[in-house]
Amino acid sequence: MTAVTDQDHTERADQPGDADKAATAENTSAKVPENASEGESTDGAHARVPDGDSSARTGSTGSASTPGSASTQGTWDDGLIARRVDESTGVHHYAVLDSRPAAPPTASPLVYDGPLRSRLEALRELVGLSRTRLDSRTLAEAGRVLDEASARRRLSGQHTVVAIAGATGSGKSQLFNALAGVAISETGVRRPTTAAPIACSWSDGAASLIERLGIPPRLRRRPLPTGDGESQLHGLVLVDLPDHDSAAVQHREHVDRILGLVDAVIWVVDPEKYADAVLHERYLRPMAAHAEVMFVVLNQVDRLPGEAAEQVLDDLRRLLDEDGIALGEHGEPGTAVLALSALTGDGVGELREVLGQFVAERTAPARRISADVDIAAARLWPVYATQRRTGLSEQAREEFADRLADAVGATAAGEAAERAWLRNANRACGTPWLRLWRWYQDRGEPTTGRLPSRTQADEEATARQRVEQAVRTVADRASAGLPAPWAQAVREAAVRGSKGLPEALDELSVRAGVPTGRPPRPGWWPVAVLSQASMTILQFLGGLWLLGQIVGVMSPNLGVPVLLMVIGIVGGPLIEWSCRMAARGPARRYGLEAERRLREAAAGCGRARVLDPVAAELLRYREVREQYGRVVGTRR
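Quick note on numbering: the sequence shown equals residues 59 to 694 in our numbering.
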């Protein structure tokens, strides 16, 4: 049996002369001895169709329709490709004997189920909300997963791309050939044998998938149609990778790149290297989330005597368990671990059966993408998850408002307003003599009753320090428990809002402090003023009466004028004291109202400049936290 180049995969083949060189450089199995004559056969050879043969492109059967190309002449006896050499002209003619449709039907694109679509949408929303808060390196893996999920969704959903990976000498190429039933990938003692990835497709419509892997047309193969064998693996695209531990850097780069693109992986290990640290630490352990789309095959069991194969297999399962890889045992989902010998064929049929069932389910691409989302979400855990309640409590808001009120002197302003109210009350209800004396003392003081605005440098510096301390305190409380990037964003929002806050508060203290002019007077003030005026009149009447008696105008009678004067002298201060007692309540309420207005103004300024930006950052974090919860939600 042999393989042919997949017509569906090959858009334009290489020229005949260059093809042999490229095949040798990329280590394909199309090797023809220089001394091979017409009619000789080479094991494992597979032909490439040159550009000049149009009949081969259309998949025609029989020999090429060129002069002198009789079917009775010698051909390459590979079962599929007939080659004829016209010795007179030196022109080589090729004909494809395997009849396949020239234009295979377009495969239906992959369709993700509802939960996976929801997780991808949440991840896309999460990345969009986080771009201004997180650096590009943090979001790189999530962006790669979204790009790969979008690219894979546009490609065939009827095909499953499975890569065969392994270390040098593990026999992965031998297993690749055994599964294909034909020598496609070169095997031998020379290391590394596989220099470039080779793809083999069991059905049409996988060209775009293979192109996505970057595998050129000359390295794309088709197995020999064998009826049941081909139908069993229908939809499979098998890729033989270079050695992951190759000394050639380019080979390792091929492996790392393609492992990030395929739907599933078959890891081939041998009894000597199954516990290799490079394999477990660099590949298996980081890919533990992909357990459901991985197979681990212990090859070369024919070299193990007696029960040694079971012992090595058990130890391999133990190592996989330590790597965190779930094993698909007892019907549970996970990695299938098999033992086989690609050389003797022992166990290959079991792997082909398991692989056929795996491909028939057509769920590997979605499982792979879902596992990629799991890994991306796990890497984003430190920048989104928190174990404690976050946010700004009402108590923290009130304390911030109190600190700003203290900074603008709201309490002192209220007390000043209260004193102003009492002073005005004393001026209105006091005795004329006492009012005259107080007027003389207070004539240099402002009549508004408002404390002068802070103008001293030390007072301004103290107020500024209080404001800065209040901002730092509320920022620390708001960012407590948040992941580092979001805590930093909250603190930066608070600092930006605090710029110019002390000046704004100073302006508020002037505008929203004690109002200018005299404080309002209660309704009983006119009665108190009339009563005080009556006491003054009584004093004047008693005094005039006594003066008249002294002058002799009036008859002597000391009792009545003295009584009037005593009533006026005692009644005036008594009325003043009563008014002062009655004014304490309104004065206190007036002072509290002034303090409340200043507190509310300071709190409003702090809320607009600091609390609102901080709350916006916290709201953004809650949004991304909600999206992150959807990303890490139940996969099924």
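Built from N, CA and C at the ideal position, the CB exists for glycine as well. Please read these numbers as outputs of a predicted model, since none were measured by experiment.
| Query | Result |
| --- | --- |
| Simplified DSSP state of ASP360, which is helix, strand or coil | helix |
| Contact check, VAL698 vs LEU378, beta carbons under 8 Å | Because the chain is modelled from 59 through 694, residue 698 falls outside the range shown and cannot be assessed. |
| Beta-ladder partner(s) of GLY224, from DSSP | VAL326 |
| The stretch 232 to 243 contacting the stretch 433 to 451, beta-carbon criterion three pairs below 8 Å | no |
| Cutoff 7 Å; reference ALA468; Cβ partners in own chain excluding five residues on either side | GLU653, LEU656, ARG657, ALA660 |
| ASN357, buried or exposed, once every other Cβ within 10 Å from all chains shown has been counted against 16 | buried |
| Candidates LEU178, GLN453, TRP325, of which the one nearest LEU669 by Cα | GLN453 |
| Where the alpha helix (DSSP H) containing ALA257 begins and where it ends | ALA257 -> not in any alpha helix (DSSP H); beta strand (DSSP E) instead, spanning 256 to 259. |
| Cβ neighbour criterion (16 or more within 10 Å) applied to ALA335 | exposed |
| Heavy atom of the ligand ATP within 7 Å of PRO560 beta-carbon | Here there are no bound small molecules, and the ligand ATP is not part of this structure. |
| Secondary structure, beta strand (DSSP E): runs of 3+ residues fully inside the stretch 450 to 475 | none |
| Which listed residue (ALA223, ARG212, GLY664, ASP171) has its alpha carbon closest to that of HIS309 | ALA223 |
| Identity of the residues DSSP links to LEU396 by a beta bridge | VAL355 |
| Whole-angstrom distance between VAL532 and ARG688, CA atom to CA atom | 30 Å |
| Through-space distance from PRO274 to PRO423, alpha-carbon basis | 22 Å |
| Beta-carbon proximity check, LEU374 vs TYR332, cutoff 8 Å | yes |
| Distance, ALA200 Cα to ALA435 Cα | 8 Å |
| ASP303 versus LEU599, LEU296, GLU311, residue with shortest Cα-Cα distance | GLU311 |
| Anticipated Cβ contact below 8 Å, LEU438 with TYR679, distance rounded | Not confirmed; about 13 Å, so no contact. |
| Three or more C-beta pairs below 8 Å linking the stretch 628 to 646 and the stretch 469 to 479 | yes |
| CA-to-CA distance, GLN590 to SER613, given in whole angstroms | 29 Å |
| Those residues which DSSP pairs with SER214 across a bridge | PRO167 |
| Straight-line gap, PRO363 to GLY172 (C-alpha atoms, nearest Å) | 50 Å |
| Closest by C-alpha distance to ARG683, when choosing among ARG665, PRO440, LYS230 | PRO440 |
| Backbone secondary structure at ARG420 - three-state DSSP | coil |
| Inter-stretch contact (C-beta, 8 Å, three-pair minimum) for the stretch 216 to 234 and the stretch 388 to 403 | yes |
| N-terminal and C-terminal residue of the beta strand (DSSP E) that ASP298 is part of | 294 to 298 |
| At least 3 beta-carbon pairs within less than 8 Å: the stretch 592 to 612 vs the stretch 545 to 556 | no |
| Nearest residue (CA-CA) to ALA470, options ASP193, VAL568, LEU540 | VAL568 |
| Beta strand (DSSP E) runs contained entirely in the stretch 591 to 673, provided each spans 3 or more residues | none |
| GLY555: first and last residue of the uninterrupted alpha helix (DSSP H) it sits in | 542 to 556 |
| Integer Cβ distance of ALA221 from VAL297, believed to fall under 8 Å | 4 Å |
| Inter-residue CB distance, SER261 and GLY293 (contact presumed, cutoff 8 Å) | 6 Å |
| Residues near ASP321 in its chain [Cβ-Cβ closer than 6 Å; skip 5 each side] | THR218, VAL219, ALA422, PRO423, ARG426 |
| The stretch 263 to 280 touching the stretch 184 to 194, judged by at least three CB pairs closer than 8 Å | no |
| Strand pairing of VAL219, partner residues [DSSP] | VAL295 |
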